[in-house]
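Chains as they are written, first to last, in our numbering: chain P, 9 to 364; chain D, 3 to 286.
C-beta atoms are modelled at their ideal positions from N, C-alpha and C, and glycine is treated no differently.
Heads up: the structure comes next, in structure tokens.
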Amino acid sequence: MNKITKTFTSVAMAVGIVSAVATSATAGEFDGVTLKVATWGGSWKENMEKVIVPKFEALGGKIEFVTGSPASSFAKLVAGRGRAPFDVMEVLDAQVGDFAQVDYLQPINLDLIPNKSNLQPFQYNTTYVGSWFTQEVICYNTEKFSELGIPAPKTYADLAVPALQDKVSLPDINSGAGLANFGGVIFAAGGDEQNIQPGLDLMAKINATKFWKRGGETKTQFETGDIYAAVVHAGWCARAARAGSPVMSVHPEIKPGVKGLAKEGWLGIMKSSENVAAAHWFINEYLTTDFQYEYAINSGVFPLNSEAIEKMKSDEINARLMEMDAGNISKMLRIDYNKVDKTAWIDGWNKTLTTN
Amino acid sequence: MENRWIAYLIPPFIVTLLLVAGSQFVFIQNSFYQDLGLGRTGTDLTLVNYLNFFTDSFYLKTFWITIKVSALASLFTLFLGFPIAYVIARMKSRLAMLLLAGIVVSTFVTIVIKVFGLIIIFSADGVLNTTLMNLGLIDRAYSIIGTQEGIVVGLMHFTIGFSVLLLYSVVVTVPPSLEYAAQIHGASRWRVYQRVIIPLCTPGFVVGGLMIFNMCMGAFTSAALLGGGRVLTLPVLVQRTVMMEVKYSTAASIAFVLLVSVILINLISLIAIRRLRSARLVIA
Numbered sequence: 009m010n011k012i013t014k015t016f017t018s019v020a021m022a023v024g025i026v027s028a029v030a031t032s033a034t035a036g037e038f039d040g041v042t043l044k045v046a047t048w049g050g051s052w053k054e055n056m057e058k059v060i061v062p063k064f065e066a067l068g069g070k071i072e073f074v075t076g077s078p079a080s081s082f083a084k085l086v087a088g089r090g091r092a093p094f095d096v097m098e099v100l101d102a103q104v105g106d107f108a109q110v111d112y113l114q115p116i117n118l119d120l121i122p123n124k125s126n127l128q129p130f131q132y133n134t135t136y137v138g139s140w141f142t143q144e145v146i147c148y149n150t151e152k153f154s155e156l157g158i159p160a161p162k163t164y165a166d167l168a169v170p171a172l173q174d175k176v177s178l179p180d181i182n183s184g185a186g187l188a189n190f191g192g193v194i195f196a197a198g199g200d201e202q203n204i205q206p207g208l209d210l211m212a213k214i215n216a217t218k219f220w221k222r223g224g225e226t227k228t229q230f231e232t233g234d235i236y237a238a239v240v241h242a243g244w245c246a247r248a249a250r251a252g253s254p255v256m257s258v259h260p261e262i263k264p265g266v267k268g269l270a271k272e273g274w275l276g277i278m279k280s281s282e283n284v285a286a287a288h289w290f291i292n293e294y295l296t297t298d299f300q301y302e303y304a305i306n307s308g309v310f311p312l313n314s315e316a317i318e319k320m321k322s323d324e325i326n327a328r329l330m331e332m333d334a335g336n337i338s339k340m341l342r343i344d345y346n347k348v349d350k351t352a353w354i355d356g357w358n359k360t361l362t363t364n
Numbered sequence: 003m004e005n006r007w008i009a010y011l012i013p014p015f016i017v018t019l020l021l022v023a024g025s026q027f028v029f030i031q032n033s034f035y036q037d038l039g040l041g042r043t044g045t046d047l048t049l050v051n052y053l054n055f056f057t058d059s060f061y062l063k064t065f066w067i068t069i070k071v072s073a074l075a076s077l078f079t080l081f082l083g084f085p086i087a088y089v090i091a092r093m094k095s096r097l098a099m100l101l102l103a104g105i106v107v108s109t110f111v112t113i114v115i116k117v118f119g120l121i122i123i124f125s126a127d128g129v130l131n132t133t134l135m136n137l138g139l140i141d142r143a144y145s146i147i148g149t150q151e152g153i154v155v156g157l158m159h160f161t162i163g164f165s166v167l168l169l170y171s172v173v174v175t176v177p178p179s180l181e182y183a184a185q186i187h188g189a190s191r192w193r194v195y196q197r198v199i200i201p202l203c204t205p206g207f208v209v210g211g212l213m214i215f216n217m218c219m220g221a222f223t224s225a226a227l228l229g230g231g232r233v234l235t236l237p238v239l240v241q242r243t244v245m246m247e248v249k250y251s252t253a254a255s256i257a258f259v260l261l262v263s264v265i266l267i268n269l270i271s272l273i274a275i276r277r278l279r280s281a282r283l284v285i286a
């Protein structure tokens, strides 16, 4: 080995050792940890892979996703009697009561979630931390409505006109948005949590062509001309608009002083999780401005992070289709699921609106 | 000699039985406990889930729709599949193998893709509706989503390839010489079909029809995607009950009713056909 080669080898080894030490100094926190997160597939997972996963990997850990709806995640949890195949889970507002009954979540140490400072105090507690909310709207094709000479809808009842028969898509009761929007229709029709018949009658009168299971179906149906209106969250309306469909959204009038409907998403840590520190880290990252904004733009949900909300206003399509005013947002209907007999709602739906 | 070959069948039979029966046992056992919601069940054995099923018009209607769409799809699939199978079976060129290979390949295409193809073809701006409207035959786009007709079309699409392959294997067992003999003796082409080909293929129709029917009764994807949440079949209802409502016992009872009904329909059909054939043989 000549002198040049020896020198080169020594320098290379030194650089290697230094970089290895430097890497381990930053990457040690979650070495060998595999955090499993139950969330939706598609853009939801992709956003996490893009923003959160690289940061976790830099700390030595690995994130795996268990994709599916919160309902299917809950079913897996129940089937495993609380032994979950995941550490962190997206929970819908409609499921909070179910979780309270089965006691499958562990307390969250809010001191480990410093980014909660970007949220309103009612958006976190020691069991759940808020992650996003959606604005459930009537999304409609402005060109088709003009062609048919129908005015823009103001509430759900405006979809029950002959010209729109078989041209409206509503969320299936078993979809993530099903209970919330059915609740909205019930209240708008004059019913309440116990008296659901007015809502069922109005749904039957609308005579939807399809009850969608995933919001993406409505985007496709707008493109193929199969529907002229859909009850869906504003993010899907925004996606349809970005894909070139001439759509506009309306926050439905539900009752005096209440306009629009909100559906909330939460995060919880499973009692069976052994990666508690990593789970807290994940929830904290979920609340950063960068992720909340990325999520909102790509998935269409509305952020909870105040800085991300401000950034949202700069996007023309979001500003047009979503309510940005905090005062108006606070007036949106939020279903109180503690008063809802979900079995009765689902049975009523099945017997009135399906298999006809 | 024959007994020795039968002995070879015993191990796979036991494995199959264990896999099928073992997985079904827990599920079926669960159906005899009352559902308490959120995946919890009672501790006392009860028939309440079955009573609910057979006394609730919603479940009975769903059951009837499942049988109806499956029977119609099986019938139409046989009706469409037989001419194709017959033509291919009687082809003497290499094109026959090419066509068969095409059909085999088409069965590899996942049903989700096939159904989305149908949705695009039948969409409001799709080829079919556009053509029919341009011809003035309809004034409003027809949608197959959310209709029983749509599910029938989806099930046919799901089973047609299998049906052609199955019927092809039946038709090739009928010697063409029988057709020539009938024609030489003055039978018309229709008469040959009526008195020679169809009677000889009848056992194949029955077995094929039942196999297609069984596939349709258990089909989930076509029914879920084309039913659009408005028309439910039993497999879709089982999925909704398990995944969305987390009512395992109710779902298990629905699945068990589906399983037993399929077995019964198959047995009754086979007995009926056997009796019909015996009666014919006696008359002949």
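Chain P within 8 angstroms of residue i, Cβ atoms only
{"i": "Leu234 of chain D", "result": "yes"}
{"i": "Ser145 of chain D", "result": "yes"}
{"i": "Ser125 of chain D", "result": "yes"}
{"i": "Phe27 of chain D", "result": "no"}
{"i": "Leu19 of chain D", "result": "no"}
{"i": "Met99 of chain D", "result": "no"}
Residue i: CB within 7 angstroms of a non-hydrogen atom of the ligand NAP
{"i": "Gly273 of chain P", "result": "This structure simply doesn't include the ligand NAP, nor any ligand for that matter."}
Which of helix, strand or coil DSSP assigns to residue i
{"i": "Trp48 of chain P", "result": "coil"}
{"i": "Glu272 of chain P", "result": "strand"}
{"i": "Phe34 of chain D", "result": "coil"}
{"i": "Phe84 of chain D", "result": "helix"}
{"i": "Ala237 of chain P", "result": "strand"}
{"i": "Gly39 of chain D", "result": "strand"}
{"i": "Ala33 of chain P", "result": "Any reading at Ala33 of chain P must be qualified, since the residue scores a pLDDT of 37, below 50, and its modelled position is unreliable; the value itself is stated next. Helix, per DSSP."}
{"i": "Thr175 of chain D", "result": "coil"}
{"i": "Leu49 of chain D", "result": "coil"}
{"i": "Tyr148 of chain P", "result": "strand"}
{"i": "Val117 of chain D", "result": "helix"}
{"i": "Gln114 of chain P", "result": "strand"}
{"i": "Met246 of chain D", "result": "helix"}
{"i": "Met340 of chain P", "result": "coil"}
Cβ of residue i within 8 angstroms of any chain D Cβ
{"i": "Gly233 of chain P", "result": "yes"}
{"i": "Ile354 of chain P", "result": "yes"}
{"i": "Gln109 of chain P", "result": "yes"}
{"i": "Ala79 of chain P", "result": "yes"}
{"i": "Lys347 of chain P", "result": "no"}
{"i": "Ala30 of chain P", "result": "The predicted position of Ala30 of chain P is uncertain, since its pLDDT is 38 and thus under 50; a value taken from the coordinates is nonetheless stated next. Chain D, which has no Cβ nearer than 8 angstroms to the Cβ of Ala30 of chain P, makes this no."}
{"i": "Asp174 of chain P", "result": "yes"}
Whole-angstrom distance between residue j and residue i, CA atom to CA atom
{"i": "Glu201 of chain P", "j": "Val104 of chain P", "result": "16 angstroms"}
{"i": "Ile235 of chain P", "j": "Asp180 of chain P", "result": "15 angstroms"}
{"i": "Glu65 of chain P", "j": "Phe310 of chain P", "result": "27 angstroms"}
{"i": "Thr362 of chain P", "j": "Gly69 of chain P", "result": "46 angstroms"}
{"i": "Ala103 of chain D", "j": "Ala91 of chain D", "result": "13 angstroms"}
{"i": "Asn32 of chain D", "j": "Asn336 of chain P", "result": "49 angstroms"}
{"i": "Thr57 of chain D", "j": "Asp166 of chain P", "result": "37 angstroms"}
{"i": "Ser314 of chain P", "j": "Thr297 of chain P", "result": "8 angstroms"}
{"i": "Thr45 of chain D", "j": "Val114 of chain D", "result": "40 angstroms"}
{"i": "Phe73 of chain P", "j": "Ile140 of chain D", "result": "48 angstroms"}
{"i": "Asn346 of chain P", "j": "Gln229 of chain P", "result": "34 angstroms"}
{"i": "Met256 of chain P", "j": "Met217 of chain D", "result": "43 angstroms"}
{"i": "Gln205 of chain P", "j": "Ser281 of chain P", "result": "42 angstroms"}
{"i": "Gln196 of chain D", "j": "Ala189 of chain D", "result": "10 angstroms"}
{"i": "Gly243 of chain P", "j": "Ser307 of chain P", "result": "7 angstroms"}
Beta-carbon gap between residue i and residue j smaller than 8 angstroms
{"i": "Gly192 of chain P", "j": "Glu155 of chain P", "result": "no"}
{"i": "Asn133 of chain P", "j": "Ala246 of chain P", "result": "no"}
{"i": "Ala46 of chain P", "j": "Met97 of chain P", "result": "yes"}
{"i": "Leu168 of chain D", "j": "Gly229 of chain D", "result": "no"}
{"i": "Asn149 of chain P", "j": "Ala237 of chain P", "result": "yes"}
{"i": "Phe107 of chain P", "j": "Gly233 of chain P", "result": "no"}
{"i": "Leu295 of chain P", "j": "Asn55 of chain P", "result": "no"}
{"i": "Leu329 of chain P", "j": "Ala249 of chain P", "result": "yes"}
{"i": "Leu43 of chain P", "j": "Ile71 of chain P", "result": "yes"}
Do the region 215-223 of chain P and the region 178-185 of chain P meet, that is, are 3 or more Cβ pairs less than 8 angstroms apart? By the criterion of at least three beta-carbon pairs nearer than 8 angstroms, the region 215-223 of chain P is in contact with the region 178-185 of chain P.
Would you check if the region 203-219 of chain P and the region 263-273 of chain P touch, i.e. whether three or more CB-CB distances between them fall below 8 angstroms? no
Between the region 206-215 of chain D and the region 111-121 of chain D, do at least 3 Cβ pairs fall closer than 8 angstroms? no
Pairs of beta-carbons, one from the region 242-252 of chain D and one from the region 34-41 of chain D, closer than 8 angstroms: are there three or more? yes
Quick check: the region 236-247 of chain D against the region 158-167 of chain D, are there 3 or more CB pairs under 8 angstroms? no
Report yes or no: do the region 78-95 of chain D and the region 168-183 of chain D share at least 3 C-beta pairs separated by less than 8 angstroms? yes
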